[in-house]
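Q:
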Amino acid sequence: MRLRSFNPPCPDPTLVTEIAAVDAWEVLDSRGNPTVRATVDTAAGSGTFTVPAGASTGSHEAVELRDGDDRFGGMGVRGAVRAVREELAPVVVGHEVTEQATIDDALVAADGTDSLSALGANAVLAVSGAVARAAAATNGEPLYDYLSPGEPGGIPRPTVNIVSGGLHAHGGVELQDFLIVPMGAETYSEAIEVVWAVRKAVESRIADAGVRPLVADEGGFSPPMEGVVDAFELISAGIADAGFEPSVDDVAFAVDVAATHFYDPDAERYELETEGVSLDRDGMITQLLEWTETYPIVSLEDPLYEDDWEGYRRLAARLDDRVQLLGDDLLVTDRERIDRAIADSAATAVLVKMNQAGTLTRTTDVIERAHDAGLTAVVSARSGETCDSTMADLAVAYGAEQLKVGSLARSERLAKYNRLFEIEAELELPLVAVANA
Ligand code: PGA
Ligand code: ZN
Numbered sequence: 010m011r012l013r014s015f016n017p018p019c020p021d022p023t024l025v026t027e028i029a030a031v032d033a034w035e036v037l038d039s040r041g042n043p044t045v046r047a048t049v050d051t052a053a054g055s056g057t058f059t060v061p062a063g064a065s066t067g068s069h070e071a072v073e074l075r076d077g078d079d080r081f082g083g084m085g086v087r088g089a090v091r092a093v094r095e096e097l098a099p100v101v102v103g104h105e106v107t108e109q110a111t112i113d114d115a116l117v118a119a120d121g122t123d124s125l126s127a128l129g130a131n132a133v134l135a136v137s138g139a140v141a142r143a144a145a146a147t148n149g150e151p152l153y154d155y156l157s158p159g160e161p162g163g164i165p166r167p168t169v170n171i172v173s174g175g176l177h178a179h180g181g182v183e184l185q186d187f188l189i190v191p192m193g194a195e196t197y198s199e200a201i202e203v204v205w206a207v208r209k210a211v212e213s214r215i216a217d218a219g220v221r222p223l224v225a226d227e228g229g230f231s232p233p234m235e236g237v238v239d240a241f242e243l244i245s246a247g248i249a250d251a252g253f254e255p256s257v258d259d260v261a262f263a264v265d266v267a268a269t270h271f272y273d274p275d276a277e278r279y280e281l282e283t284e285g286v287s288l289d290r291d292g293m294i295t296q297l298l299e300w301t302e303t304y305p306i307v308s309l310e311d312p313l314y315e316d317d318w319e320g321y322r323r324l325a326a327r328l329d330d331r332v333q334l335l336g337d338d339l340l341v342t343d344r345e346r347i348d349r350a351i352a353d354s355a356a357t358a359v360l361v362k363m364n365q366a367g368t369l370t371r372t373t374d375v376i377e378r379a380h381d382a383g384l385t386a387v388v389s390a391r392s393g394e395t396c397d398s399t400m401a402d403l404a405v406a407y408g409a410e411q412l413k414v415g416s417l418a419r420s421e422r423l424a425k426y427n428r429l430f431e432i433e434a435e436l437e438l439p440l441v442a443v444a445n446a
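In my numbering, the protein residues as written are 10 to 446.
1. In terms of alpha-carbon separation, which member of 33, 65, 77, 110 lies closest to residue 91?
2. Relative to the alpha-carbon of residue 436, which residue among 328, 197, 296 has its alpha-carbon at the smallest distance?
3. Under 8 Å: do the region 225–242 and the region 184–192 share three or more Cβ pairs, one atom per stretch?
4. Mapping the DSSP letters down to three states, classify residue 371 as helix, strand or coil.
5. Around the C-beta of residue 38, are 16 or more other C-beta atoms found within 10 angstroms, so that it is buried, or is it exposed?
6. With burial defined as no fewer than 16 other Cβ atoms inside 10 Å of the residue's Cβ, what is the status of residue 291: buried or exposed?
7. Hey, is residue 337 close to ligand 1, as in C-beta under 7 Å from one of its heavy atoms?
8. Using 8 Å for Cβ pairs, my map puts residue 49 next to residue 25. What's the rounded Cβ distance?
9. Pick helix, strand or coil for residue 28, following the three-state DSSP scheme.
10. Could you check how far apart the C-beta atoms of residue 318 and residue 355 are, in whole angstroms? I think they sit under 8 Å.
11. Assign residue 113 to one of three DSSP states: helix, strand, or coil.
12. In whole angstroms, give me the CA-to-CA distance for residue 114 and residue 52.
13. Below 8 Å, can you find three or more Cβ-Cβ pairs linking the region 148–164 to the region 221–229?
14. For ligand 2, I want to know if residue 340 counts as a neighbour, meaning its beta carbon is within less than 7 Å of at least one of the ligand's heavy atoms.
15. Within a Cβ cutoff of 6 Å, which residues of the same chain sit near residue 194, ignoring the five residues on either side of it in sequence?
16. Does ligand 1 have even one heavy atom less than 7 Å from the beta-carbon of residue 411?
17. Would you kindly work out how many angstroms separate the C-alpha atoms of residue 252 and residue 259, rounded to a whole number?
18. How about residue 166 and residue 152: do their beta carbons lie closer than 8 Å?
19. Less than 7 Å between the CB of residue 267 and some heavy atom of ligand 2, yes or no?
20. Please confirm whether residue 353 and residue 322 have their CB atoms less than 8 Å apart.
21. Checking the sheet assignment: what are the DSSP bridge partners for residue 333?
22. Are residue 130 and residue 56 touching if we call contact CB-CB under 8 Å?
23. Measuring CB atoms only, is the region 376–386 touching the region 113–128, in the sense that at least three cross pairs come out at less than 8 Å?
24. Roughly how many whole angstroms lie between the Cα atoms of residue 332 and residue 82?
25. Around the Cβ of residue 179, are there at least 16 other Cβ atoms within 10 angstroms (buried) or fewer (exposed)?
26. Flag residue 450 as yes when its Cβ comes closer than 7 Å to any non-hydrogen atom of ligand 2, and as no otherwise.
27. Look at the alpha carbon of residue 298 and the alpha carbon of residue 350, and state the distance between them as a whole number of angstroms.
28. With distances taken Cα to Cα, identify the nearest neighbour of residue 117 among 103, 404, 137, 233.
29. With DSSP collapsed to three states, give me the class of residue 296.
30. Closest to residue 189 by C-alpha separation, out of 430, 414, 372, 362, would be which residue?
31. What does DSSP give as the partner residues of residue 206 in its beta bridges?
32. Find out if the Cβ-Cβ distance for the pair residue 314, residue 241 is shorter than 8 Å.
33. Here's a check: name, in chain order, each residue in its chain whose Cβ is nearer than 6 Å to the Cβ of residue 412, leaving out the five neighbours to either side.
34. Return yes when at least one heavy atom of ligand 1 lies under 7 Å from the C-beta of residue 301, else no.
35. Alpha carbon to alpha carbon, how far is residue 293 from residue 307? Give it in angstroms, no decimals.
36. To the nearest angstrom, how far is the alpha carbon of residue 374 from that of residue 70?
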């Protein structure tokens, strides 16, 4: 008979921080669509990351792999899960878990394409994100501390969706997000209280008008509206009802125009059907300038379609300094497109979405490049999310000026806001100043 030891074997301390196992599986996101979740284990800790998914995706984003078969209307991600298990796990197992950049390079090399279309950006990012979370757990550090290249300096200013349109609201006005920015708030808690009061006031106005205040994909309201001005007027009234002033110093507006989705490339026109207008590039620029002159807008995201570099240059030259020109579909968290925007003076702010980039290292590289060039970084969720809150830690770690994760509703949105409450309580930091304010 063999003698059995009742003590578990003591792990070799040199192996404790090596990646021992990687696994992945299919879960559902906030729209009920499949997405990839991965877990990375060392002997001392493990980390899980779940990939989000967009609806108004830019055509230059890293490519998510979908099965295209009968399951889930073709949206299944079993192929991406298989890629994690069979192709990516062997590449990362055995690495020191803290070697994020080396691991991310190896993941990109295993895919072999720049757009990550071979194994899927959803497969690659699932592993990349889980590695970072496993490293923080292995080190026994909060994620923001582990990720931070220096000392975290502040909490990003919440830029919060109040009214939704476009592809997130299945009808209604073409513009995708009408957001508010609590410019007067000095702390994160105060900022959220301001937003809460405005959102409740807007909800009451919608209900008082006899309409059910149901919410769209990111938790914003989507009442019937005859045009863009209705949305601005509704929110302005809500801001006043809540005891604030619609102004660039108190409660300001931000807009995600998401213009690619109502741009007709053949006719080269912006089709704003609810406005009853069809505009060429210069007509669209004139319309955008009119909105920014009428309402206290401090941020315009994707105001023109995703490849209109010349339009962005022209708009940037005419836009008041107080309005940041924020690239989402234009820049797709991509280093080369951001370099071009900097060289061309085509944007003053970068939307940062991990799944557009495909790895954590590509994402942090973009934030650092933006900051080096004096651009604002706005860390953003996708319209399809889970309760993964990694982006909140990332935003604090890299000093992002703003966080854009939807409205104050739905648990996948609140997971990010609530994580910032935790970080605020731990670090007692003020909000980061908005560069263009
Ligand atoms: P998406 O929307 O996740 O559907 O792309 C978010 C955004 O456009 O900012
Ligand atoms: Zn956007």
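The beta carbon of each residue, even a glycine, is placed where N, CA and C say it ideally should be.
None of the values given here were measured: they were computed from a predicted structure.
A: By the coordinates alone:
1. Taking the sequence shown and counting its residues from 1, one reaches residue 91 at position 82. The option with the nearest alpha carbon to residue 91 is 33.
2. Residue mapping note: residue 436 aligns to position 427 of the sequence shown, counting from 1. Nearest option by C-alpha distance: 197.
3. yes
4. For the purposes of this step, residue 371 is identified with residue 362 of the sequence shown, where counting begins at 1. Helix.
5. As a working mapping, residue 38 is identified with position 29 in the sequence shown. The residue in question, residue 38, is buried, as its Cβ has 16 or more Cβ neighbours within 10 Å.
6. Within the sequence shown, residue 291 is the residue found at index 282, counting from 1. So residue 291 counts as exposed.
7. Here residue 337 refers to the residue found at position 328 when the sequence shown is read from its first residue. Yes, since a heavy atom of ligand 1 falls inside the 7 Å radius drawn around the Cβ of residue 337.
8. As a first step, residue 49 is located in the sequence shown; it is residue number 40 there, counting from the start. As a first step, residue 25 is located in the sequence shown; it is residue number 16 there, counting from the start. Not confirmed; about 14 Å, so no contact.
9. Within the sequence shown, the letter at position 19 stands for residue 28. If DSSP states are grouped into helix, strand and coil, residue 28 belongs with coil.
10. For the purposes of this step, residue 318 is taken as the residue at position 309 of the sequence shown. For the purposes of this step, residue 355 is taken as the residue at position 346 of the sequence shown. Correct: roughly 6 Å between the Cβ atoms.
11. Here residue 113 refers to the residue found at position 104 when the sequence shown is read from its first residue. Three-state DSSP puts residue 113 in a helix.
12. The sequence position of residue 114 within the sequence shown is 105, counting from 1. The sequence position of residue 52 within the sequence shown is 43, counting from 1. Spanning the two alpha carbons is a distance of roughly 23 Å.
13. no
14. For the purposes of this step, residue 340 is taken as the residue at position 331 of the sequence shown. Not under cutoff, so the answer is no.
15. Position 185 of the sequence shown, counting from 1, holds the residue named residue 194. Closer than 6 Å at the Cβ level, and outside the excluded window around residue 194, lie 200, 203.
16. Working through the sequence shown from its first residue, we reach residue 411 at position 402. No, since every heavy atom of ligand 1 falls outside the 7 Å radius drawn around the Cβ of residue 411.
17. In the sequence shown, residue 252 corresponds to position 243, counting from 1. In the sequence shown, residue 259 corresponds to position 250, counting from 1. Straight-line Cα distance between these residues: approximately 11 Å.
18. For the purposes of this step, residue 166 is taken as residue 157 along the sequence shown, with counting starting at 1. For the purposes of this step, residue 152 is taken as residue 143 along the sequence shown, with counting starting at 1. No, they are not a contact pair.
19. Position 258 of the sequence shown, counted from the first residue, corresponds to residue 267. Checking every heavy atom of ligand 2 against the Cβ of residue 267, one is found closer than 7 Å.
20. Walking along the sequence shown from the start, residue 353 turns up at place 344. Walking along the sequence shown from the start, residue 322 turns up at place 313. Taking 8 Å as the Cβ cut-off, residue 353 and residue 322 qualify as a contacting pair.
21. Working through the sequence shown from its first residue, we reach residue 333 at position 324. Answer by DSSP bridge pairing, in chain order: 308.
22. Working through the sequence shown from its first residue, we reach residue 130 at position 121. Working through the sequence shown from its first residue, we reach residue 56 at position 47. No, the Cβ-Cβ distance between residue 130 and residue 56 is not below 8 Å.
23. no
24. As a working mapping, residue 332 is identified with position 323 in the sequence shown. As a working mapping, residue 82 is identified with position 73 in the sequence shown. Approximately 41 Å, taken between the alpha carbons.
25. Here residue 179 refers to the residue found at position 170 when the sequence shown is read from its first residue. So residue 179 counts as exposed.
26. Outside the displayed span of the chain (10 to 446) sits residue 450, for which this structure offers no information.
27. For the purposes of this step, residue 298 is taken as residue 289 along the sequence shown, with counting starting at 1. For the purposes of this step, residue 350 is taken as residue 341 along the sequence shown, with counting starting at 1. Residue 298 and residue 350: Cα-Cα distance of roughly 20 Å.
28. Within the sequence shown, residue 117 is the residue found at index 108, counting from 1. Minimum Cα distance to residue 117 is reached at 137.
29. In the sequence shown, the residue the question calls residue 296 occupies position 287. Reduced to three states, the DSSP call for residue 296 is helix.
30. For the purposes of this step, residue 189 is taken as the residue at position 180 of the sequence shown. Comparing Cα-Cα distances from residue 189 to each of 430, 414, 372, 362, the minimum goes to 414.
31. For the purposes of this step, residue 206 is taken as the residue at position 197 of the sequence shown. Beta-bridge pairing links residue 206 to no other residue.
32. By one-based count along the sequence shown, residue 314 stands at place 305. By one-based count along the sequence shown, residue 241 stands at place 232. No, they are not a contact pair.
33. Against the sequence shown, residue 412 aligns to sequence position 403. Around residue 412: 165, 167, 388, 404.
34. Mapped onto the sequence shown, residue 301 falls at position 292. No; taking the cut-off as 7 Å, the Cβ of residue 301 has no heavy atom of ligand 1 nearer than that.
35. Against the sequence shown, residue 307 aligns to sequence position 298. Against the sequence shown, residue 293 aligns to sequence position 284. Roughly 18 Å between the two C-alpha positions.
36. Mapped onto the sequence shown, residue 374 falls at position 365. Mapped onto the sequence shown, residue 70 falls at position 61. Answer to the nearest angstrom: the Cα atoms are 16 Å apart.
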